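Residue numbers (the numbering used here), protein chains in the order written: chain S, 18 to 197; chain Z, 18 to 197; chain U, 18 to 197; chain D, 18 to 197. We treat Cβ as the ideally placed atom computed from N, Cα and C, and that holds for glycine. As the structure is a computational prediction, the values presented were derived from the model and not from experiment. Below is one structure, written out as structure tokens; the observations come after it.
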């Protein structure tokens, strides 16, 4: 028997596990919130910093009735207990930093906020896999450098630069709906 | 700001991608249904056979208002399109059969139905990781052989044998609540 | 410019990280020795017990001029320093127990000696991947149970039982040369 | 019984699977050659382009008696047959592009030649893992951009820029011997 269903798009938010500044926390929260408001699922690496802030923003939006997407945390270790408290679904992997690749594989598009070398590897993976990558250009780190860049010649598009959470998620929606 | 939340337990259902008999399909459906009724999430390998039947049972239970757990499919490949139509959240991995290990890592307990060598590897992984393993002893395959067995001396318990879906999920609940 | 070369076959030896008995140590050493004598590479999980004994036997055979295969250790962690001292090539993975799958992927055939649930998962993976599996039937553990068994119906052959290291490696050679 | 042994350092050469120019092929060959001459093992992703050229240079150096390091190819797929013909030891992984991480995990230092997003992910992983990264700055691609850059603040050193294969391997040797 058929059961009606509809699989939501899933968007990864990638960025530093430690946030250097309060305004980045608010930015990451807003990205999480906008993803839920857009009717999508959020996936992160499940830990602190950008991951936690995005998840918190998503949880708040959902608690406010603004969407019903799932908040997924894909952990490097085996212990669910280290996840931030805003994940609905915690997926331990036991794969160490290889879990970064799984965050990207699990998503339809990737938004990067600030970010160091871990985030850089995630942007590079998403590029290799042909997935849209949106960088919050004002957030510094690798996100501040990659907006507008092509990571190699296999794709004709670029990492998309966004100046706000609203713009970032609008770009994701356009990409996933084939509008661009 | 704190957002109230509660992370559900997640149970994996592992078994053959092709079902040899109609009664196994009904059994796997019932296991999925009971997992949702118990207030837990279901995770499978996202494809056909036991994975699809369990997911269908779970989706039906949820559509009937009997729970709100998430139905997760963790795929070996990169293409979401091959998932069975009952998954809420489809996580491609691109890792081939290594995704079997991720199904186990993602879960708090594993239920096996029938099953060949892939299922055997999943039971062995769950055992290594210290997670409860419940085998539907009447379903044949490795599930029919492993009930009551210790897979090695690192644990003092055994693979738990269950004769029905209801009993299997009751065993999982007892294990996860520390009642046993 | 062409460089003459010949890639050796690579055989995995899988078994417990702790050996319960002295005679198993000698058996695992003999398996490693016979693999080198047969002109093949040895791959193990790089740690102690059966892995170390097989590597020691291989290193001794090579030191005696009986072959020039490479002794490879594929580690679960990131630290080369924990490998046993008989590996020529130490490959850390950082993947935890998922490295078990890589030991199998890296090999053309798998020999199991005694072994608990980790070894069981390796036999199951090798079976899934269509690789010959040889079990030392007198060594106890899962090797003692799997000889002569089919792990599922996808293959028409069986796990091959061997009573000695010489017989085990002869079976591997026959399998890889297509004699069987 | 103790067997004398000495584990060589292992150096990864990462770069594009397709070479845009003849001079890059010669450069990658020279890097492979210098690694063997320095008494180290070479590890690559086992396929064409920079990977094949480096392996060919290494094989040639070894055939000329200039070293005895092992040439390792870590493949994304399961089929050894796709490896370039200069690998001594071919390790299939079945993990798709996640094998890029394994190339880095397997090495003590990473040299990048030209390179697109795959190479970028490898440099980022090596940085995360605290391993020296040397970029051939004249080779274009990401290698041309990363020399002298810090990929984030977790390390106080930089990606080292080298203008020649000889300089690149000299930098690796200095790094691994703690001279820098």
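- Residue 92 of chain D sits away from residue 80 of chain D, with the two beta carbons spaced by 8 Å or more.
- One finds 95, 111, 112, 113 in chain D with Cβ atoms closer than 8 Å to the Cβ of residue 113 of chain Z, taken in chain order.
- For residue 152 of chain Z, the uninterrupted beta strand (DSSP E) segment begins and ends at 150-153.
- At a beta-carbon threshold of 7 Å, the residues of chain D lying near residue 108 of chain U are 123, ordered along the chain.
- The Cβ-Cβ distance between residue 170 of chain S and residue 155 of chain D does not fall below 8 Å.
- Counting other Cβ atoms within 10 Å of its Cβ, residue 165 of chain U stays below 16 and is therefore classed as exposed.
- The residue among U:151, U:37, U:161 with its C-alpha nearest the C-alpha of residue 192 of chain U is U:151.
- Excluding five sequence positions before and after residue 70 of chain Z, the CB atoms of its chain that fall closer than 6 Å to its own CB belong to 42, 45, 46, given in chain order.
- Here residue 126 of chain S carries a strand assignment [DSSP, helix/strand/coil].
- In this structure residue 24 of chain U does not touch residue 59 of chain U by the C-beta definition: roughly 15 Å separates them, more than the 8 Å allowed.
- About 5 Å separates the beta carbon of residue 185 of chain D from that of residue 128 of chain D, a gap short enough to meet the 8 Å contact definition.
- DSSP, read as helix, strand or coil, puts residue 101 of chain Z in coil.
- For residue 118 of chain S, a Cβ of chain D is located within less than 8 Å of the residue's own Cβ.
- If you keep only unbroken beta strand (DSSP E) runs of at least 3 residues inside the stretch 20-65 of chain D, you get 27-32, 58-61.
- The beta carbon of residue 183 of chain D lies closer than 7 Å to those of 51 in the same chain, with the five residues before and after it left out.
- For residue 57 of chain U, the closest alpha carbon among the candidates U:86, U:49, U:68, U:36 is that of U:86.
- The beta carbons of residue 33 of chain D and residue 136 of chain D sit closer together than 8 Å.
- Following the DSSP letters along the chain, one finds residue 179 of chain Z inside the beta strand (DSSP E) bounded by residues 177-179.
- Residue 145 of chain D has its alpha-carbon roughly 17 Å from the corresponding atom of residue 160 of chain D.
- Between residue 35 of chain S and residue 65 of chain S, the gap from beta carbon to beta carbon is short of 8 Å.
- For the pair residue 94 of chain D and residue 122 of chain Z, the Cα-to-Cα distance works out to about 23 Å.
- Taking each of U:77, U:130, U:114 in turn and checking the Cα distance to residue 153 of chain U, the smallest one comes out for U:130.
- Following the DSSP letters along the chain, one finds residue 113 of chain S in no beta strand (DSSP E), marked with neither H nor E.
- Under the DSSP assignment, residue 137 of chain U falls in the alpha helix (DSSP H) whose first and last residues are 134-145.
- Using a CB distance cut-off of 8 Å, residue 174 of chain U does not count as an interface residue toward chain Z.
- Here residue 139 of chain U is buried. Its C-beta has 16 or more other C-beta atoms within 10 Å.
- Look at residue 168 of chain S here: in three-state DSSP terms it is coil, with no helix or strand label.
- Sequence-ordered contacts of the stretch 124-143 of chain U with chain Z read 133, 134, 135, 137, 138, 141, 142 [C-beta pairs closer than 7 Å].
- Scanning its chain for C-beta atoms nearer than 7 Å, with the 5 sequence neighbours on each side dropped, one finds around residue 180 of chain S the residues 154, 155, in chain order.
- For residue 64 of chain S, no chain D residue has a Cβ inside 7 Å of its Cβ, as the nearest lies near 14 Å away.
- Taking C-beta atoms as the reference points, residue 112 of chain U and residue 158 of chain S fail to come closer than 8 Å.
- A straight line joining the alpha-carbon of residue 67 of chain S with that of residue 174 of chain D spans about 25 Å.
- Listed in chain order, the positions of the stretch 164-195 of chain D with a beta carbon within less than 8 Å of a beta carbon of chain S are 168, 169, 170, 171.
- Closer than 8 Å at the C-beta level to chain Z, one finds no residue of the stretch 34-55 of chain U.
- Taking the CA atoms as reference points, residue 48 of chain Z sits about 37 Å from residue 147 of chain S.
- Distances from the CA of residue 117 of chain Z to each of U:142, U:28, U:194, U:125 were compared; the closest alpha carbon is that of U:142.
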